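> Numbering (my numbering), first residue to last: 350 to 1411.
Glycine residues also receive a C-beta, built at the ideal position from the N, C-alpha and C atoms.
Since the model is a prediction, treat every value here as computed from it, not as a measurement.
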Amino acid sequence: MAALAAGGAAQAAPFTAATEAELITAINDANASPDLSSTITVTKAITVTTTLPQLSSKVTVNTGTFATTIGSAAGATLDLQTGATYQAAAAIQVGSTANTAGTVVAQGSGATLSATALTTGAGQSTISILDGASAVFTGNLNTGAGSATVNVGKGASLSASNLNTGTGQTAINVVGGGKITLGTNANLGGGNGLANGGITDVVVSGTGSALQFTGASGYYHHAGTLEVSAGGFVGANTVQVGFRAGDMFTATVTGPGSVFGSVNNNLSIGGAGTATVTVAEGATLRSGISGGNPLSLSNSATGVSILNIGAPVGSAALSPGVVTASGITSSAGQSTINFNHNASNYEFAVPIGGNVIVNQIGSGTTALTGANTYAGDTTITAGTLQLGNGGTTGSISGNVVNNATLAINHSNAFGFAGAISGGGVLQQLGAGTTTLTGTNSYTGGTVVQAGRLLAGSAGAFVQNTAYTVNGGTLDLGAWDLTASSLSGTGGTVALNAQTLTANQAGDSTYAGAITGTGGVVKSGAGVLTLSGTNSYSGTTSVTQGTLRAGAVNTFSSKSATVVANGATLDLAGYSQTLASVNNSGTVSLAGTTPGTTLTVTGPWVGNGGTLRLGTALGNSSSASDRLVLSGATAIASGTTNVQITNLGGLGALTSGNGIEVISAINGATTTAQTTKNAFALSGGHVDAGAYEYRLYAADAAGAGENWYLRSTVAAVPPTDGGGTGTGGGSSGGVVVPAYRAEVPLYAVLPEQFRQANLSMLGSLHLRMGDSIRSATNDAGSAIAGQSYRQAWGRVISTDRTTSQAGTVSPTSRGRLTGFQAGTDLWADAHWRAGVYVGQLDGDMRVNGFASGLLDLGVGINDLKNQYVGVYGTWKNDGGLYVDGVLQGGRHRYTASPTLGLGSGGKGSSVLASVEVGQSFGIAAGWTIEPQLQLVHQRVNLDDTGIVGALIRQDSHDGWLVRAGVRVKGEIDTSAGLFQPYARLNLYHSGGGTDVARFIGPAGFADIATRTGGSSGELALGTSWQLSRSTSLYGELGKLWDMSGDARNSSGVNASVGVKVLW
350 MAALAAGGAA QAAPFTAATE AELITAINDA NASPDLSSTI TVTKAITVTT TLPQLSSKVT
410 VNTGTFATTI GSAAGATLDL QTGATYQAAA AIQVGSTANT AGTVVAQGSG ATLSATALTT
470 GAGQSTISIL DGASAVFTGN LNTGAGSATV NVGKGASLSA SNLNTGTGQT AINVVGGGKI
530 TLGTNANLGG GNGLANGGIT DVVVSGTGSA LQFTGASGYY HHAGTLEVSA GGFVGANTVQ
590 VGFRAGDMFT ATVTGPGSVF GSVNNNLSIG GAGTATVTVA EGATLRSGIS GGNPLSLSNS
650 ATGVSILNIG APVGSAALSP GVVTASGITS SAGQSTINFN HNASNYEFAV PIGGNVIVNQ
710 IGSGTTALTG ANTYAGDTTI TAGTLQLGNG GTTGSISGNV VNNATLAINH SNAFGFAGAI
770 SGGGVLQQLG AGTTTLTGTN SYTGGTVVQA GRLLAGSAGA FVQNTAYTVN GGTLDLGAWD
830 LTASSLSGTG GTVALNAQTL TANQAGDSTY AGAITGTGGV VKSGAGVLTL SGTNSYSGTT
890 SVTQGTLRAG AVNTFSSKSA TVVANGATLD LAGYSQTLAS VNNSGTVSLA GTTPGTTLTV
950 TGPWVGNGGT LRLGTALGNS SSASDRLVLS GATAIASGTT NVQITNLGGL GALTSGNGIE
1010 VISAINGATT TAQTTKNAFA LSGGHVDAGA YEYRLYAADA AGAGENWYLR STVAAVPPTD
1070 GGGTGTGGGS SGGVVVPAYR AEVPLYAVLP EQFRQANLSM LGSLHLRMGD SIRSATNDAG
1130 SAIAGQSYRQ AWGRVISTDR TTSQAGTVSP TSRGRLTGFQ AGTDLWADAH WRAGVYVGQL
1190 DGDMRVNGFA SGLLDLGVGI NDLKNQYVGV YGTWKNDGGL YVDGVLQGGR HRYTASPTLG
1250 LGSGGKGSSV LASVEVGQSF GIAAGWTIEP QLQLVHQRVN LDDTGIVGAL IRQDSHDGWL
1310 VRAGVRVKGE IDTSAGLFQP YARLNLYHSG GGTDVARFIG PAGFADIATR TGGSSGELAL
1370 GTSWQLSRST SLYGELGKLW DMSGDARNSS GVNASVGVKV LW
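Now the structure itself:
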């Protein structure tokens, strides 16, 4: 019972204990005492083998000079709660022997553990100082051969003179603002693989958490791991990690505010052992209080040091940490710095020297701004490694294996003598001049954004790789350059006196300028588009592919230009000026609209090359691209083929000079007044709408050096062809339209199909032959052939010559061959009705008014006609008959100009016919039969397209009347019954007009062709009845034209058929 002081105040209650059991009793009594405080005095050394009762806030245990041992196989615990105190002038031993476990807990504000030292042994030990508690050891905190864990957290503190970890496994966790403060050294981990080796893993995490030192101190971590995160701090005057042979150490320092490093002396990583340190996400690795000391990596042949800025190799990139040091050195062993971060511009200013390898691994950009002298290789596998950051510092001295991006960003003159290899790209970013003097082989291309990138040696610029200039200058120095592509949005390529060859398979655009006295060669199958203002004065050679303009006057006006066979110089609709042109390939002015000019101030030499112009083919005021030869030295020679691309022209008659396409000014000459052979129109003419245009030297009066397109020709052909003609007519001469060859071909089509339809229709007797004479049946009774159904078929060969009046007066000649086959579907004594099918195919040669010439052979229409028809025929016994036919046709054709591409089309037709005839006897076995036939037909042809026009046909719906007479006999022979006949016909068709409309993009031209005329026909034929059910029939005939706008005649027409009763 505690004594009460005078005045009633409670006094401290004293307790004593000499054994573990007495200590347990004393703790329980002290905790239960009503006194404000109680003190337990331990009078002997005690071994705690069980879990002691928790010491409450008013209890103090004083062991004096007697040691306390905590541990047993079942586990023993000393537990201090808020305000409790355990103090000893001797050491505390925890888990001293193998297979024992001991725990010391001090938890809560004011809970205090003090001793001269704390030692763990071969057992399992846990020391936890938590929640504002404190532990003070005037001597050392030592761990032994067992497993030891030291936890300091939540504002708690632990102080000792030294922290030494032994040969066992030690874990030290400082979190939540906890602190371990050491007076001298921390010697952690005996070194993996050593006789006294041990592993120590340290975690310092959280704002305010620290493993820190006072006075002269050192942090020596041999083997194990260190994690500093979330604002934690680990630092000593001297820091050495993994520095002994056999050591294996790994540290990770992450998070803003996290710091690991030395204070006054150097930070050493690796030494003779193996150490990996990763600093990421804003954490700091430092050597010296303000980074004023060197950071030492491996300094022994056995040393391996790895410094990761960002994430370790093989992990996804993280934001980088910060390294502060006066420099990084490595004197021996293997030292590597890996930049594996994702920052867009991470500046690393610490100079790197010695035996160090640098790897850029992450996706970010690392800017080295120190004067780096390290001897190891530099390898870039991802992201960007940048030398300099816009200032005057930042360099490396060795070679670079670049498989991503190497950038140079200096404001001053900077030289790089190393060799750059790999598949990455080199970027010039700074405003200064970078001179490359190494022999480089990287293949990813070169990009110039600013400043100047200068070739300082023959191998500085890599040949046959891509070059992009978006700003600044790519300077060839004294060496030629062949690029696999040239592109960019601006800047300058300085040729000096050298040659730039763009040998590109693909397409690219360069918007900057090319300067100097050197030249440019475009090779490779791709397209290079230039859109800047170029001023180089050397030769431009287009040997392959296309050199294209992307803006007005982008080609150098000082450059003589040579275009090789198969290559193209393409203005693409942008006007240009050139010093001279030697063209064996193609020079194209054509864009989306006409009006582009190519001005040549020196010679134009055509070596069989092509000049392509865009023209709105219409009347003489139509817009057109133009070749302009300017000056007395602008002399056209050789031969140039002129190709005209119609850009929206509808086709029209030109007047006067026509459309000017080649101009000669200021004394230039074009052979227009001499040989007239410098230019010739490809194909002889170009077509638009209904017209064809030809190229003529000189104006309509034959004067001048200009060249023109005209859709008219002189009524009297010129005498001096020269391949192009001498003009569209002389002064006062008569000119006529030059219609294209397709015009007569399409104008005659409706009449050709009408004549084919009539050939298939024929007449009743031509179609089916004469009736089979009555026969007898098996009983000997007479039966009429009319009562039988009959199947029939015939082979047709019809010749036709058609001449029509109209705009182009087309004439066609040719032969159609085919067949017609049908059968009765129903028949009686007076009626029969049936169906037939047929086909007629053939070629019709066409002449007409084209190219300004009358009756010019223009090509062939290949016709294919398929038919189906129905018929009904009535006959009486007196020789009167009425035959009606309804016939439908499907038509296909190919119109093939003599000197052009064929075009096809299709159409359909409907024909109706009524035929009446009456036979009269004139002698024994002979009759005469007057006939009258009325036919109406309609032909519809679909719209079809040809080059430069859409053709729409409006065909006349025609009536035709046939009046004729047939004389027929009947002759019995032993070979059968013959029914020979002769017939004479007069055909007359009504007049009308077929209109072929040639439609251009903005208008049309109607070609009118007249129909209607009279023809006569004489034919001889016979029917031969082989049996009572079978007969053969045939006819030969000829047609003569008589009068009218459409005159039809023929050679010999033939038809042979067979008929069978069934």
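Just how far apart, CA to CA, sit G873 and A1017?
Taking the CA atoms as reference points, G873 sits about 34 Å from A1017.
> Can you list, in chain order, the residues of its chain with a C-beta nearer than 6 Å to that of L1456? Leave out the 5 residues immediately preceding and following it.
With the chain covering 350 to 1411 only, the question about residue 1456 has no answer from this structure.
> Can we say the segment 1376 to 1383 touches the segment 1337 to 1344, given the rule of at least three CB pairs closer than 8 Å?
no
> According to the neighbour-count rule (16 or more other Cβ atoms, all chains shown, within 10 Å of its Cβ), is T945 buried or exposed?
buried
> Just list the residues that DSSP pairs M597 with in beta bridges.
T623
> Only counting the same chain, and skipping five residues up and downstream in sequence, which positions put a Cβ closer than 7 Å to that of S1392?
G1362 and S1363
> From the DSSP output, which residues share a beta bridge with T727?
V707 and V749
> Would a C-beta distance cut-off of 8 Å place T574 and S607 closer than the cut-off?
no
> Please classify L1107: does DSSP put it in a helix, a strand, or coil?
helix
> Would you identify the three-state DSSP class for R1089, choosing helix, strand or coil?
coil
> Name the two residues that bound the continuous beta strand (DSSP E) containing A832.
L830 to S836
> With DSSP as the reference, label S1099 as helix, strand or coil.
First, the amino acid is wrong: residue 1099 is Pro here, not Ser. P1099: helix per DSSP, three-state reduction.
> Out of L1189, A366, I769 and D596, point me to the one whose CA is closest to T754's CA.
I769
> Under the rule that 16 or more other beta-carbon atoms within 10 Å means buried, what is A663, buried or exposed?
In the sequence under discussion, the amino acid at residue 663 is Gly, which differs from the Ala named in the question. G663 should be labelled exposed.
> Can you tell me the Cβ-Cβ gap for V602 and T625, rounded? I've got them flagged as a contact below 8 Å.
At roughly 12 Å, the Cβ-Cβ gap does not stay under 8 Å, so V602 and T625 are not in contact.
> Between which residues of its own chain and D1292 is the CB-CB distance below 7 Å, once the five residues before and five after are set aside?
L1299, I1300 and R1301
> Short of 6 Å in beta carbon distance, which residues of its chain neighbour G955, apart from the five on each side in sequence? Order them along the chain.
N932, G987, T988 and T989
> Using three-state DSSP, classify A1395 as helix, strand or coil.
A1395 falls in the strand class under three-state DSSP.
> Check for me: the alpha helix (DSSP H) holding A381 runs from which residue to which?
E369 to A381
> Could you tell me the distance, in whole angstroms, from the CA atom of V1084 to the CA atom of L999?
20 Å
> Based on the DSSP secondary-structure assignment, which residues constitute the bridge partners of N1196?
T1160 and G1206
> Give every residue of the same chain whose Cβ lies closer than 7 Å to the Cβ of T414, excluding the five residues on either side of it in the sequence, and list them in chain order.
Excluding sequence positions up to five before and after T414, its CB lies within less than 7 Å of the CB of A438 and A439, all in the same chain and listed in chain order.
> What whole-angstrom Cβ distance do N758 and G739 have, given they're in contact under 8 Å?
5 Å
> State buried or exposed for W1175, treating a residue as buried only when at least 16 other CB atoms are found within 10 Å of its CB.
exposed
> What does a CB cutoff of less than 6 Å around D1232 pick up in its chain, not counting 5 residues either side in sequence?
L1113, T1222 and E1264
> With 16 other CB atoms within 10 Å as the buried threshold, where does S857 fall?
buried
> Under a Cβ-count criterion, where at least 16 other Cβ atoms within 10 Å of its own Cβ denotes burial, should P383 be classed as buried or exposed?
exposed
> Pairing CB atoms from the segment 1248 to 1260 with CB atoms from the segment 1268 to 1276, are three or more of them under 8 Å?
no
> When you compare the segment 422 to 437 with the segment 447 to 456, are there three or more beta-carbon pairs, one atom per stretch, that lie closer than 8 Å?
yes
> If you draw a straight line from the C-alpha of A572 to the C-alpha of S474, how long is it?
20 Å
> Which of the three DSSP states, helix, strand or coil, is assigned to H570?
strand
> Once you ignore the five residues that flank V1405 on each side, which residues in its own chain have a CB closer than 7 Å to its CB?
R1143, V1144 and G1383
> Would you mind stating whether N852 and A832 have Cβ atoms separated by less than 8 Å?
yes
> Need the endpoints of the alpha helix (DSSP H) that R1116 sits in, please.
L1113 to M1117
> Using 8 Å for Cβ pairs, my map puts T446 next to A471. What's the rounded Cβ distance?
6 Å
> For L1281, which three-state DSSP category applies?
strand
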